[in-house]
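Visitor: What follows is a single structure, and I will ask about it in a moment.
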Amino acid sequence: MSTTITMIAAAAENDALGKENDLVWHLPDDFKRFKQITSGHFIIMGRKTFESFPKPLPNRTHIVITRQKDYQPEGCIVVHHLEDAFKLAEDESEVFVIGGGEIYDQAMPYADKIELTRVHGTFEADTFFPKIDDKNWEVIREQHHHKDDRHDYAFTYLTYRKK
1 MSTTITMIAA
11 AAENDALGKE
21 NDLVWHLPDD
31 FKRFKQITSG
41 HFIIMGRKTF
51 ESFPKPLPNR
61 THIVITRQKD
71 YQPEGCIVVH
81 HLEDAFKLAE
91 DESEVFVIGG
101 GEIYDQAMPY
111 ADKIELTRVH
121 GTFEADTFFP
131 KIDDKNWEVI
141 REQHHHKDDR
151 HDYAFTYLTY
161 RKK
């Protein structure tokens, strides 16, 4: 069985992901979708992304990548290289890379699928999602979500598959 490696992110039209280790928007429906898609799976992230959560996310196996040799948060598997994270999840049908920017950059060549929430706006940020090259990726699903009383920005769910 081969594992599908899926990168999942919410990024603005300028590929902004966040600023100062926090998201620059609040989209409750996107959080719900993230929870639905990733529940029951391994999630791979960098240390700063993990530390941006108030606590580990329920019903998911957390693999945290860090250069810190003595880092061991409770309830997480710690590795020092992306390839080690993939090895740990090789028996899974699908594994999710959830950030941050540096981890997305490293994971892009390995990814089979991208679940991207494209937030319609341009934001000041210090972390960005890598460019998605149309030569290598195709959109296989697209669903638009309008701005409303719970969402300050319109956004589109895009599912990409590697060509």
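Numbering (UniProt numbering), first residue to last: 1 to 163.
A virtual CB, placed ideally from N, CA and C, is assigned to each residue, including glycine.
Which residues in the same chain have their Cβ closer than 7 Å to the Cβ of residue 37, if we skip the five residues on either side of it in sequence?
Guide: Correct list, in chain order: 8 and 115.
Visitor: Quick check: the stretch 90 to 104 against the stretch 40 to 58, are there 3 or more CB pairs under 8 Å?
Guide: Contact holds: three or more Cβ-Cβ distances are below 8 Å.
Visitor: List the endpoints of the continuous beta strand (DSSP E) containing residue 16.
Guide: It spans 16 to 18 - the beta strand (DSSP E) in which residue 16 sits, taken as one unbroken run.
Visitor: Classify residue 113 as helix, strand or coil using the three-state DSSP reduction.
Guide: In this structure, residue 113 counts as strand in the three-state DSSP scheme.
Visitor: Where does residue 122 land, buried or exposed, given buried means 16+ other C-beta within 10 angstroms?
Guide: Burial call: exposed.
Visitor: Within a Cβ cutoff of 7 Å, which residues of the same chain sit near residue 29, ignoring the five residues on either side of it in sequence?
Guide: So the qualifying residues of the chain are 145 and 151.
Visitor: Flag this pair as yes or no: are the beta carbons of residue 125 and residue 48 separated by less than 7 Å?
Guide: No, these two residues do not count as a Cβ contact at 7 Å.
Visitor: Find out if the Cβ-Cβ distance for the pair residue 10, residue 97 is shorter than 7 Å.
Guide: Going by C-beta atoms, residue 10 is not nearer than 7 Å to residue 97.
Visitor: Give, in chain order, every unbroken run of the beta strand (DSSP E) that is at least 3 residues long and sits entirely within the UniProt domain "DHFR" (4 to 162).
Guide: Those beta strand (DSSP E) runs which fall completely within the UniProt domain "DHFR" (4 to 162) and span 3+ residues are 4 to 12, 16 to 18, 42 to 46, 61 to 65, 76 to 79, 94 to 99, 113 to 119, 137 to 145 and 155 to 162.
Visitor: Excluding the five sequence neighbours on either side, which residues of its own chain have a C-beta within less than 8 Å of the C-beta of residue 81, listed in chain order?
Guide: Here the set comprises 65.
Visitor: Report whether the distance from the Cβ of residue 155 to the nearest heavy atom of the ligand GTP is below 6 Å.
Guide: This structure simply doesn't include the ligand GTP, nor any ligand for that matter.
Visitor: Quick check on the burial criterion: 16 or more other C-beta atoms within 10 angstroms. Buried or exposed for residue 75?
Guide: Per the 10 Å Cβ criterion, exposed.
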